[in-house]
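Undergrad:
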Amino acid sequence: MTSETRFDDADFEKGPTQASFDEQAENTGSRSPIVSRLVHAVSVDGDYVHLGGSTYRRTELANAFAGELNPGIHHRRPSNLANPVPLGLASFSYCCLVLSLLNAQVRGVTNAKVVISASLFFGGCIELFAGLLCYPIGNTYAMTVFGSFGGFWISYGCILMDQFGIVSSYEDDPQMLANALGFFLAGWAVFTFLMMMCTLKSTWGLFLLFAFLELTFLMLTIGTFISNENVKKAGGYFGIMSSMCGFYSLYSGVADSSNSYFPVRAYFMPNAPTL
1 MTSETRFDDA DFEKGPTQAS FDEQAENTGS RSPIVSRLVH AVSVDGDYVH LGGSTYRRTE
61 LANAFAGELN PGIHHRRPSN LANPVPLGLA SFSYCCLVLS LLNAQVRGVT NAKVVISASL
121 FFGGCIELFA GLLCYPIGNT YAMTVFGSFG GFWISYGCIL MDQFGIVSSY EDDPQMLANA
181 LGFFLAGWAV FTFLMMMCTL KSTWGLFLLF AFLELTFLML TIGTFISNEN VKKAGGYFGI
241 MSSMCGFYSL YSGVADSSNS YFPVRAYFMP NAPTL
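Okay, here's the thing in structure tokens:
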């Protein structure tokens with residue numbers, strides 16, 4: 001390999017006052033310097049990627065595959081915007097850990113109302129805010145996940161609060177309350193499964209986060225329907241493992257040689273786009 005062909009950054013990103021490909025061609029009166037953007041052949045040769053008649057290094061194309069939920073899997077193009085994904089992972093992992101410890105009844109704690117404050121503010125408002133911040137960076141998946149689970153934590157906190165009167169409205173029929181909570185948890189089990197299927201080409205940390213979270217919702221749903229405390233406890237332990245995977249993904253995304261002596265790496269799933 002003796003030469004490389006590439007475009008300048010200005011060719012790939014059209015700013016608010018920058019002419020497009022077609023506009024530049026019309027202004028110059030010639031289309032000869034402009035290469036067709038339709039690529040019919042892609043091949044990989046070691047550290048080089050061939051796109052049509054052009055050749056690039058893998059590192060040059062890293063940003064083309066950015067946008068996943070997990071931080072650290074790809075290097076992003078330098079930007080004035082910070083990455084909100086670690087904030088979303090932090091808020092989710094913390095609240096998931098606290099609630100799961102309560103569901104597992106660790107040290108005999110069975111009253112879950114202590115999680116209300118974290119559920120409404122850190123897991124709710126902060127995670128929802130992190131999801132909205134994923135919009136300007138073009139991260140649709142993270143926006144969907146964090147925005148949705150921000151809503152989950154807020155709604156769950158509302159269920160636990162006496163001021164909303166949700167639990168007290170079922171005091172005459174405990175079985176109806178169990179069924180209603182089961183429906184609530186079953187819907188989140190479905191959503192979590194769909195989001196888990198979108199992590200199959202991501203990192204092991206992120207995939208295991210959703211896999212354990214799916215088991216958490218399933219155990220809590222079943223345990224709520226049949227009023228079995230042991231099944232609910234199992235859901236709590238799966239939730240603890242999910243939060244640990246979340247903390248690992250969080251740390252692997254923010255820790256590097258510039259700020260820590262102990263950075264950890266993100267391990268890729270098979271066929272992950274690691275360019």
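Numbers 1 to 275, taken from full-length UniProt numbering, label the letters of the sequence shown in order. By construction, the Cβ of each residue, glycine as well, lies at the ideal position given by its N, Cα and C atoms. Every value quoted in this text rests on a predicted model; they were computed, and no experiment measured them.
DSSP three-state label for E23, please.
TA: Model confidence at E23 stands at a pLDDT of 47, short of 50, so the residue's coordinates are unreliable and nothing is read from them.
Undergrad: Is A189 closer than 8 Å to F217 when the C-beta atoms are compared?
TA: yes
Undergrad: Between A90 and the rest of its own chain, which residues show a CB-CB distance below 6 Å, the 5 nearest in sequence each way excluded?
TA: L250
Undergrad: Please classify A82 as buried or exposed, where buried requires at least 16 neighbouring CB atoms within 10 angstroms.
TA: exposed
Undergrad: Report yes if the CB atom of G147 is closer than 8 Å to the CB atom of L133, and no otherwise.
TA: no
Undergrad: Give me, in chain order, the residues of the same chain whose beta-carbon lies closer than 7 Å to that of I116; leave out the 5 immediate sequence neighbours on both sides.
TA: For I116, where only same-chain residues beyond five positions count, the Cβ hits under 7 Å are G157, L160, M161.
Undergrad: Roughly how many angstroms lie between the CA atoms of G236 and V167, to the nearest whole one?
TA: Between G236 and V167, the C-alpha separation is close to 21 Å.
Undergrad: Rounded to whole angstroms, what is the Cα-Cα separation between A180 and A211?
TA: 24 Å
Undergrad: Would you call the region 244 to 262 and the region 118 to 132 touching, i.e. three or more CB-CB distances under 8 Å?
TA: no
Undergrad: Quick one, which of G239, S119, S252 has its alpha-carbon nearest L220's?
TA: Checking every option, the nearest Cα to that of L220 belongs to G239.
Undergrad: Thinking C-alpha only, which one of P84, N103, A104 is nearest G138?
TA: P84
Undergrad: Output yes or no for whether 8 Å exceeds the beta carbon distance between S100 and W153.
TA: No, the pair does not count as a contact, with Cβ atoms beyond the cut-off.
Undergrad: Expressed to the nearest angstrom, what Euclidean distance is found between the alpha-carbon atoms of M143 and Y135?
TA: 6 Å
Undergrad: Return the bridge partner residues of F268 from the DSSP annotation.
TA: T203
Undergrad: On the three-pair Cβ rule with 8 Å, is the region 264 to 275 touching the region 197 to 207?
TA: yes
Undergrad: Compare the Cα-Cα distances from S243 to each of Y48, P86, Y94 and report the closest residue.
TA: Comparing Cα positions, the closest option is Y94.
Undergrad: What is the DSSP secondary structure of Y237, reduced to helix, strand or coil?
TA: helix
Undergrad: Out of A186, G123, V98, state which residue places its alpha-carbon closest to the alpha-carbon of F92.
TA: G123
Undergrad: For T55, which three-state DSSP category applies?
TA: strand
Undergrad: Near K232, which residues of its chain fall below 8 Å by C-beta distance, leaving aside the five closest residues on each side in sequence?
TA: Excluding sequence neighbours, K232 sits near N103, M219, L220, G223, T224.
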